[in-house]
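Residue numbers (our numbering): 163 to 518. Glycine included, C-beta positions come from ideal geometry on N, C-alpha and C. Data first, discussion second: the structure below is written as structure tokens.
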Ligand code: AMP
């Protein structure tokens, strides 16, 4: 696929959660159709997309007919089984490409890749058993964080080791999965860069946002982030370096720790990112449209921030506040259409312009 997609073309999206839903809305604004592939029943994205296939990632026939019905495939989460990607890629291009997925699916591969690029990451060590954890703790010291190498999100699959006595219980928390020990980074705050790269190699970054997490889940993103001019430049340059190294096409979230010694890269997400939702009300072209433009082979749009914004996630019972939020005409509500409210479940978000 080298020519830009014509309006009316169909974009396939692996995953039908809120990110797939907001990608579908953006695609539809540009005249594209979307076909969602999602194992779960009644995914939020199916309410706005043209077609949905509900089938497991092991269903080769369903994946093949999905792939044949679309012009390009993208995804809203990184943990898609390799076999499903192989099956799709034999028929239609996947953007962002496989290398970004390979690198970001495994924390050890990811950290090694970032370090090899010359970027600063927390000290890390591969952990497979009690002996390797002991050796890692000898080298890195406590406090440290033990994380499963794969399938961790929103703080899941992580255990803090405040002192070496906690090592055994932290290891038990990993349930035998291959893990990585990370030295604890003493950061003042967390920021992220939402960066985009087009198929011709142009890179554009949204203004970095400052993120506050609670119980491992993103609560708020505020723009502008507290960063010096030099830190802002560093953040954007390192994101561009990552995208170029992966020959990346699409939007990526790059999460960073701010320390007195400089920026430390925490992790990368090869997709649109929760900490980029502020762009929907703070920019002419938001992260979702930017991603669709990139995967469609279009030029990137103008993501310049035109106001100060606070994005707040609506999680679980926060949905009870929706009637009040709806009465507040200055609160831009984005609800995901999820039928069931569960503790810790992301149900929507609200963007507010703040006076600087
Ligand atoms: P992660 O799933 O790796 O993004 O981790 C979730 C959250 O845990 C991060 O947003 C940080 O607040 C915290 N965290 C993760 N890794 C570290 C680290 N090496 N040092 C300090 N805090 C961390």
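Simplified DSSP state of residue i, which is helix, strand or coil
| i | result |
| --- | --- |
| residue 200 | strand |
| residue 291 | coil |
| residue 242 | coil |
| residue 251 | helix |
| residue 331 | helix |
| residue 348 | coil |
| residue 228 | helix |
| residue 311 | coil |
| residue 341 | strand |
| residue 398 | helix |
| residue 267 | coil |
| residue 517 | coil |
| residue 417 | strand |
| residue 275 | helix |
| residue 182 | helix |
| residue 360 | coil |
| residue 509 | strand |
| residue 354 | strand |
| residue 388 | coil |
| residue 301 | helix |
| residue 326 | helix |
| residue 380 | strand |
| residue 492 | coil |
| residue 500 | coil |
| residue 403 | helix |
| residue 321 | strand |
| residue 192 | coil |
| residue 372 | strand |
| residue 169 | coil |
| residue 282 | coil |
| residue 176 | strand |
| residue 217 | coil |
| residue 211 | coil |
| residue 411 | coil |
Alpha-carbon to alpha-carbon, residue j and residue i
| i | j | result |
| --- | --- | --- |
| residue 443 | residue 291 | 47 Å |
| residue 283 | residue 419 | 9 Å |
| residue 524 | residue 345 | Beyond the ends of the chain as shown, which are 163 and 518, falls residue 524; an answer cannot be given. |
| residue 377 | residue 486 | 25 Å |
| residue 358 | residue 450 | 10 Å |
| residue 303 | residue 332 | 15 Å |
| residue 207 | residue 253 | 23 Å |
| residue 515 | residue 468 | 10 Å |
| residue 239 | residue 295 | 29 Å |
| residue 298 | residue 320 | 16 Å |
| residue 244 | residue 503 | 31 Å |
| residue 445 | residue 399 | 20 Å |
| residue 522 | residue 417 | Within the shown structure, residues of the chain are numbered from 163 to 518, placing residue 522 beyond reach of any answer. |
| residue 505 | residue 429 | 25 Å |
| residue 375 | residue 280 | 27 Å |
| residue 309 | residue 323 | 11 Å |
| residue 493 | residue 211 | 25 Å |
| residue 180 | residue 414 | 16 Å |
| residue 395 | residue 403 | 12 Å |
| residue 197 | residue 343 | 39 Å |
| residue 472 | residue 517 | 10 Å |
| residue 463 | residue 262 | 22 Å |
| residue 171 | residue 460 | 13 Å |
| residue 401 | residue 380 | 20 Å |
| residue 285 | residue 479 | 37 Å |
| residue 491 | residue 435 | 25 Å |
| residue 350 | residue 425 | 11 Å |
| residue 484 | residue 267 | 35 Å |
| residue 177 | residue 348 | 35 Å |
| residue 193 | residue 199 | 20 Å |
| residue 363 | residue 406 | 7 Å |
| residue 250 | residue 269 | 24 Å |
| residue 393 | residue 306 | 25 Å |
| residue 195 | residue 287 | 44 Å |
Chain C contact for residue i (CB, 8 Å cutoff)
| i | result |
| --- | --- |
| residue 499 | No chain C is present in this structure, which holds just one protein chain. |
In chain order, each beta strand (DSSP E) run of at least 3 residues that lies wholly inside the region 422-477 | 424-431 and 470-477
Quick one: any contact between the region 413-427 and the region 327-340, if contact means 3 or more CB pairs under 8 Å?
-> no
If you pair each beta-carbon of the region 184-194 with each one of the region 449-464, do three or more pairs fall below 8 Å?
-> yes
Can at least three beta-carbon pairs, one atom from the region 362-374 and one from the region 387-396, be found at a separation below 8 Å?
-> yes
Meets three-Cβ-pair contact criterion under 8 Å: the region 169-185 and the region 490-499 | yes
Can at least three beta-carbon pairs, one atom from the region 253-262 and one from the region 228-237, be found at a separation below 8 Å?
-> yes
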